[in-house]
Amino acid sequence: MRCLNNTADGPGESVDDALCDYDEMPVGARQCSLPCPKDCVMSDWGHWSICPKECNILNVRVRTRYPLRLAADGKTCPEASEVEPCTLNKNCFYYHYNLTEWSSCQLSDNAVCGQGLKFRLLDCAQSDGKSVDVKLCEKMGLESPWHLSMYCFVECPVNCQLSEWSSWSECSRTCGLEGHMKRTRHVLQKAHGEGRPCFSQLSQHRPCLIKPCYSWVFGEWSACKVEHDLTLIQRIYNADEHNAL
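At the far end of the sequence shown sits residue 245, using the UniProt record's numbering, and the numbering has no gaps.
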């Protein structure tokens with residue numbers, strides 16, 4: 001028993017047994033008999049005819065055989081033909097094309113970027129899901145309008161380019177410890193392909209101390225007193241140093 005490559009033209013060459021479905025392996029032995037000298041001898045059964053495109057039990061397929069030797073006593077030979085209904089996914093199948101996903105972009109020898117080609121494969125599957133020879137789909141007259149190759153482009157590696165740092169900005173506060181200065185840079189050229197990516201840091205900050213902050217601090221009101229017929233109260237104020245605005 002061998003595993004054969006099944007083509008639209010019939011069984012092909014032998015292949016590895018692992019490629020065949022184990023559940024469909026035919027029985028390795030069966031009963032047989034040798035005809036007696038006076039019996040009718042029939043040929044082996046021929047191939048089954050092909051079922052029509054419509055798989056239903058109203059359609060049938062046929063196989064035949066013929067007498068190799070008639071019976072000496074005039075007895076009738078066994079049936080020379082056999083008929084069975086065309087049953088979907090048993091002996092009758094529908095077929096359709098399957099397309100694989102596109103391959104990666106294939107470049108010419110020694111190329112690392114630029115124009116190339118990508119490909120996809122066309123496969124024929126029967127209605128039970130099994131892949132079969134693509135010629136079976138062609139034989140059924142199925143159209144395959146898909147392109148199986150197309151041009152593609154691989155970007156050449158371009159390194160990121162950044163501008164120089166700007167000058168430091170003015171301090172964000174006029175006094176105290178909370179102020180900071182800032183400088184920035186920007187992207188001149190984004191990275192492409194396998195080029196060196198841009199650094200994420202596009203701004204820098206640093207603290208700045210210009211001068212201490214001052215504010216007025218008032219004392220308590222004095223006692224009321226009379227000067228030149230005017231009643232006055234007063235309070236003292238001083239300039240106080242601190243670190244906030």
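Positions of the beta carbon are idealized from the N, C-alpha and C atoms, including for glycine.
Outcome for residue i when other beta-carbon atoms lying within 10 angstroms are tallied against a minimum of 16
| i | result |
| --- | --- |
| Val112 | exposed |
| Cys32 | exposed |
| Val217 | exposed |
| Cys224 | exposed |
| Cys36 | exposed |
| Cys156 | exposed |
| Val134 | buried |
| Ser14 | exposed |
| Ala239 | Because the pLDDT of Ala239 is 49, which lies under 50, any placement of that residue in the model is unreliable, and the number read from its coordinates should be weighed accordingly. The residue is exposed, with fewer than 16 neighbouring Cβ atoms inside 10 Å. |
Under the three-state DSSP convention, the category residue i falls into
| i | result |
| --- | --- |
| Leu136 | helix |
| Glu54 | coil |
| Glu220 | coil |
| Tyr111 | Residue identity differs from the one stated: residue 111 is Ala in this sequence, not Tyr. Three-state DSSP puts Ala111 in coil, outside helix and strand. |
| residue 249 | Nothing can be reported for residue 249: it is not among the residues displayed for the chain, which extend from 1 to 245. |
| Glu13 | strand |
| Glu24 | helix |
| Thr64 | strand |
| Asn5 | strand |
| Phe93 | coil |
| Pro35 | coil |
| Leu70 | coil |
| Asn59 | coil |
| Pro85 | strand |
Cutoff 8 Å; reference residue i; Cβ partners in own chain excluding five residues on either side
| i | result |
| --- | --- |
| Cys198 | Cys160, Leu162, Val187, Lys190 and Ala191 |
| Lys38 | Ala71, Ala72 and Asp73 |
| Asn98 | Leu122, Asp123, Cys124, Ala125 and Ser131 |
| Ile57 | Pro85, Cys86 and Thr87 |
Beta-carbon proximity list for residue i, same chain, < 7 Å, skipping 5 on both sides
| i | result |
| --- | --- |
| Arg65 | Met42, Ser43, Asp44, Trp45, Gly46 and Ala80 |
| residue 246 | In the structure as shown, the chain begins at 1 and stops at 245. Residue 246 is therefore absent and cannot be evaluated. |
| Glu164 | Arg185 |
| Val60 | Val83, Glu84, Pro85 and Cys86 |
Distance between beta carbons of residue j and residue i, contact taken as under 8 Å
| i | j | result |
| --- | --- | --- |
| Ser203 | Lys182 | 6 Å |
| Thr174 | Ile210 | 7 Å |
| Phe153 | Gly179 | That pair is no contact at about 51 Å. |
| Trp48 | Arg63 | 5 Å |
| Ser127 | Asn89 | 6 Å |
| Cys77 | Cys40 | 4 Å |
Residues near residue i in its chain [Cβ-Cβ closer than 6 Å; skip 5 each side]
| i | result |
| --- | --- |
| Ser103 | Lys118 and Phe119 |
| Arg30 | none |
| Met140 | Tyr95 |
| Asn5 | Gly12, Glu13 and Val15 |
| Pro207 | His180 |
Please give me, in chain order, every unbroken run of the beta strand (DSSP E) with length at least 3 that falls completely inside the UniProt domain "Spondin-like TSP1" (160-213).
180-184, 187-189 and 203-207
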